[in-house]
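*Asks:* Pasting in a structure now, in structure tokens, and then I'll have a few things to ask.
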Amino acid sequence: MDLERVLIGADDTVPRARYTSAEFAALEFERLWSRVWQVACREEEVAEVGAYCEYLIGDQSILVVRSTPDTIRAFHNTCLHRGTRLAEGSGLLPEGCIRCRYHAWRYDLDGGLLEVVDADEFDPIPEGTGLRAVRTERWGGFVWITLDPEARGLGEYLDPLPSLLAPYHLDRLELRTYLSTVLPANWKVAVDAFNEGYHVQGTHPQLLPWTDDVSLEYEPLGIHAHYGRLPNARRQLRPSPRLGLVPGEYDEGEILENFIRGLGGLFYKDERALVEEIRASSLDGETMLSRYQKGRRALLDARGVAVDDFADDQLTSADDVYFFPNMVGPIYPGIAIVFRVRPNGLDPDTCIKDTWFLQWPKVGAPRTRAERRFFPDWTERDWGEITNQDYANMAHVQIGMKSRGGPALRLNRRQEANILHMHRTIDRYLTAP
Ligand code: FES
Ligand SMILES: [Fe+2]
10 MDLERVLIGA
20 DDTVPRARYT
30 SAEFAALEFE
40 RLWSRVWQVA
50 CREEEVAEVG
60 AYCEYLIGDQ
70 SILVVRSTPD
80 TIRAFHNTCL
90 HRGTRLAEGS
100 GLLPEGCIRC
110 RYHAWRYDLD
120 GGLLEVVDAD
130 EFDPIPEGTG
140 LRAVRTERWG
150 GFVWITLDPE
160 ARGLGEYLDP
170 LPSLLAPYHL
180 DRLELRTYLS
190 TVLPANWKVA
200 VDAFNEGYHV
210 QGTHPQLLPW
220 TDDVSLEYEP
230 LGIHAHYGRL
240 PNARRQLRPS
250 PRLGLVPGEY
260 DEGEILENFI
270 RGLGGLFYKD
280 ERALVEEIRA
290 SSLDGETMLS
300 RYQKGRRALL
310 DARGVAVDDF
320 ADDQLTSADD
330 VYFFPNMVGP
340 IYPGIAIVFR
350 VRPNGLDPDT
360 CIKDTWFLQW
370 PKVGAPRTRA
380 ERRFFPDWTE
390 RDWGEITNQD
400 YANMAHVQIG
410 MKSRGGPALR
420 LNRRQEANIL
430 HMHRTIDRYL
440 TAP
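Take any residue in the sequence shown, count from 1 to its spot, add 9: that is its number in our numbering.
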């Protein structure tokens, strides 16, 4: 493919072929997915020795295994005999070893070849033969892998996210819900949909009475980015300025209630009770938001969530973090919703989206294991009004983008800056030697 024609131009226009062309998708596999660090699973999914998770990226399958209480390893998920995939999905390896289903070759949890049935009938297999390792590192309670043996370390790759996110202790969150589905659009269409607030007025107009969608801030962070209620745009209990309402024309209590409802089941029951209590009481000159933030701090404190490093206004303000290339989502003290999006095989027109609800566990509560649930067709499930609206856009974006009658994408300089930043970073990978 003529690379020059699909790169971001000097005028920042984004060619449509980046979303629609099979050749471009192939190029992404060759130069992007084979080089980046990507999240394979959560650490708690491979909590016990012998637990495993399969991670699929494009046509590659990676096997992540807890080999000792302190060690997580990753391998190319292929038998050294005739190539059979060794494990699928997630679970516990029986008998503490990796056994091929086909001719029963066995490997230990470090990938070493343990047993070849009728070994004397093979040409001698050298001592120390084993599964090919994939580089893996851990950060934030996530297990990361890279297919590039030469890639820089994970810490350097993620910089500056580890220091920015340190107060959130993502490693202490627990995976509560794990939902996956196939969306009818390129993986970048799905990432883009959660990497800007510009579409709220167009796609989710029902939110405008409850949220200021205009004052969101956007900022690149190394190859990554974030947006949302950043330091100059903390949450206020006010509607969208697009509605032109002035104080007195809206009810802060209703806005607070909707903010909490918008987060779905993630906010605890007692937080809902707190809002009701605040609405019913007199504020004595304090703002409703500050009263709620204080109450929320006490509730999180009582639950053992470390909140000392957060200012009051951070307790109600999401930081929507974009981990290049394919993970994005709002992070609050004590909770996070993370979306991981991957190409679906080598298809440029569909993607797999995983939704992870992570929550700080209650003090002393037993560890729970979230069940993976997969919906091959997103319309099989009700994802909630807002997400349904986002997903319903996907096919229209992908089909429309294929039209030969349209120009390159035109991005909003401020509100879609993260999307342009992503494309520029992709180009750095595509053009790197
Ligand atoms: S393919 Fe694995 S043992 Fe034959
Ligand atoms: Fe949306």
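Beta carbons: idealized from backbone N, C-alpha and C, even for Gly.
Val74 lies in the beta strand (DSSP E); which residues open and close that run?
*Replies:* Counting from one through the sequence shown, the residue named residue 74 turns up at place 65. Membership of Val74 in the beta strand (DSSP E) is indicated by the continuous run Gln69 to Thr77.
*Asks:* What do you reckon, is the C-beta of Arg51 under 7 Å from a heavy atom of ligand 1?
*Replies:* If you number the sequence shown from 1, residue 51 lands on position 42. No; taking the cut-off as 7 Å, the Cβ of Arg51 has no heavy atom of ligand 1 nearer than that.
*Asks:* Need the endpoints of the beta strand (DSSP E) that Ala345 sits in, please.
*Replies:* Position 336 of the sequence shown, counted from the start, is the residue given in the question as residue 345. Here the beta strand (DSSP E) through Ala345 covers Ile344 to Asn353.
*Asks:* Kindly list the residues whose CB is nearer than 7 Å to the CB of Tyr400, restricted to its own chain and excluding five residues on each side of it in sequence; keep chain order.
*Replies:* Looking up residue 400 in the sequence shown gives position 391. Hits under 7 Å: Leu192, Trp387 and Trp392.
*Asks:* Suppose you measure from the CA of Tyr61 to the CA of Arg110; what does that come to, to the nearest Å?
*Replies:* Locating residue 61 in the sequence shown gives position 52, counting from the first residue. Locating residue 110 in the sequence shown gives position 101, counting from the first residue. Cα-Cα distance, rounded: 16 Å.
*Asks:* Is Ile269 near ligand 2, going by C-beta to nearest heavy atom under 7 Å?
*Replies:* On the sequence shown, position 260 is the one that residue 269 refers to. Every heavy atom of ligand 2 is 7 Å or more from the Cβ of Ile269, so no.
*Asks:* Applying the 10 Å Cβ sphere with the 16-neighbour rule, what's the burial state of Thr434?
*Replies:* Reading the sequence shown from its first residue, position 425 is the one you call residue 434. Buried, because 16 or more other Cβ atoms sit within 10 Å of the Cβ of Thr434.
*Asks:* Tell me whether Thr440 sits in a helix, a strand or coil according to DSSP, three-state version.
*Replies:* Taking the first residue of the sequence shown as position 1, residue 440 is located at position 431. Thr440 falls in the helix class under three-state DSSP.
*Asks:* Identify every residue that forms a DSSP beta bridge with Val143.
*Replies:* Along the sequence shown, one-based indexing puts residue 143 at 134. Answer is Ala83.
*Asks:* I'd like the list of long-range same chain contacts for Ala34, defined as Cβ closer than 7 Å, with 5 residues on each side in sequence excluded.
*Replies:* By one-based count along the sequence shown, residue 34 stands at place 25. Taken in chain order, the residues that qualify are Pro352, Leu355 and Pro357.
*Asks:* Name the DSSP bridge partner or partners of His432?
*Replies:* Indexing the sequence shown from 1 puts residue 432 at position 423. For His432, DSSP assigns no beta-bridge partner whatsoever.
*Asks:* Between which two residues does the beta strand (DSSP E) holding Ile154 run?
*Replies:* Reading the sequence shown from its first residue, position 145 is the one you call residue 154. It spans Phe151 to Thr155 - the beta strand (DSSP E) in which Ile154 sits, taken as one unbroken run.
*Asks:* Return the bridge partner residues of Ser189 from the DSSP annotation.
*Replies:* Taking the first residue of the sequence shown as position 1, residue 189 is located at position 180. Checking the DSSP bridge columns, you'll see Ser189 partnered with Asp363 and Phe383.
*Asks:* Let's see if you can read the secondary structure: which residues bound the beta strand (DSSP E) around Tyr331?
*Replies:* By 1-based counting over the sequence shown, the position of residue 331 is 322. Start and end: Asp328 to Phe332.
*Asks:* My guess is that His85 and Leu41 are in contact by the Cβ rule of under 8 Å, so how many angstroms apart are they, rounded?
*Replies:* Position 76 of the sequence shown holds residue 85. Position 32 of the sequence shown holds residue 41. The beta-carbon separation of His85 and Leu41, rounded to 19 Å, does not stay under the 8 Å limit for a contact.
*Asks:* Give me the Cα-Cα distance between Glu425 and Gln245, rounded to the nearest whole angstrom.
*Replies:* Start at 1 with the first residue of the sequence shown, and residue 425 comes out as number 416. Start at 1 with the first residue of the sequence shown, and residue 245 comes out as number 236. Their backbone Cα atoms lie some 22 Å apart in a straight line.
*Asks:* Alpha helix (DSSP H) containing Gln210: first to last residue?
*Replies:* Position 201 of the sequence shown, counting from 1, holds the residue named residue 210. Per DSSP, Gln210 belongs to the alpha helix (DSSP H) from Val209 to Thr212.
*Asks:* Runs of 3 residues minimum, wholly inside the region 17 to 52: which ones carry the beta strand (DSSP E) assignment?
*Replies:* Runs of the beta strand (DSSP E) lying entirely within the region 17 to 52 and spanning at least 3 residues, in chain order: 46 to 51.
*Asks:* Compare the Cα-Cα distances from Gly121 to each of Asn267, Glu13 and Gly105 and report the closest residue.
*Replies:* Against the sequence shown, residue 121 aligns to sequence position 112. If we check each option's Cα against that of Gly121, Gly105 comes out closest.
*Asks:* Opposite Gln448 in the DSSP bridges: which residues?
*Replies:* The question about residue 448 has no answer, for the chain in this structure spans 10 to 442.
*Asks:* Which term fits Met10, buried or exposed, when burial requires 16 or more other beta carbons within 10 angstroms of its beta carbon?
*Replies:* Taking the sequence shown and counting its residues from 1, one reaches residue 10 at position 1. With fewer than 16 neighbouring CB atoms inside 10 Å of its own CB, Met10 falls in the exposed class.
*Asks:* Assign Val55 to one of three DSSP states: helix, strand, or coil.
*Replies:* As a first step, residue 55 is located in the sequence shown; it is residue number 46 there, counting from the start. In this structure, Val55 counts as helix in the three-state DSSP scheme.
*Asks:* Going by the CB atoms, is the gap between Trp365 and Val347 shorter than 8 Å?
*Replies:* Translated into positions along the sequence shown, residue 347 becomes position 338. Translated into positions along the sequence shown, residue 365 becomes position 356. Yes.
*Asks:* On the DSSP bridge assignment, give the partners of Met336 in chain order.
*Replies:* Residue mapping note: residue 336 aligns to position 327 of the sequence shown, counting from 1. DSSP lists Phe332 and Arg349 as partners of Met336.
*Asks:* According to DSSP, is Pro250 helix, strand or coil?
*Replies:* Along the sequence shown, one-based indexing puts residue 250 at 241. Helix, per DSSP.
*Asks:* For Leu179, which residues in the same chain have their Cβ closer than 6 Å to its Cβ, ignoring the five residues on either side in sequence?
*Replies:* Stepping through the sequence shown from its first residue, residue 179 is reached at position 170. Within the same chain, Leu179 has close Cβ partners Gly149 and Gly150.
*Asks:* Given 7 Å as the limit, tell me if Ala379 has its C-beta closer than that to any heavy atom belonging to ligand 1.
*Replies:* By 1-based counting over the sequence shown, the position of residue 379 is 370. Checking the Cβ of Ala379 against ligand 1 gives no.
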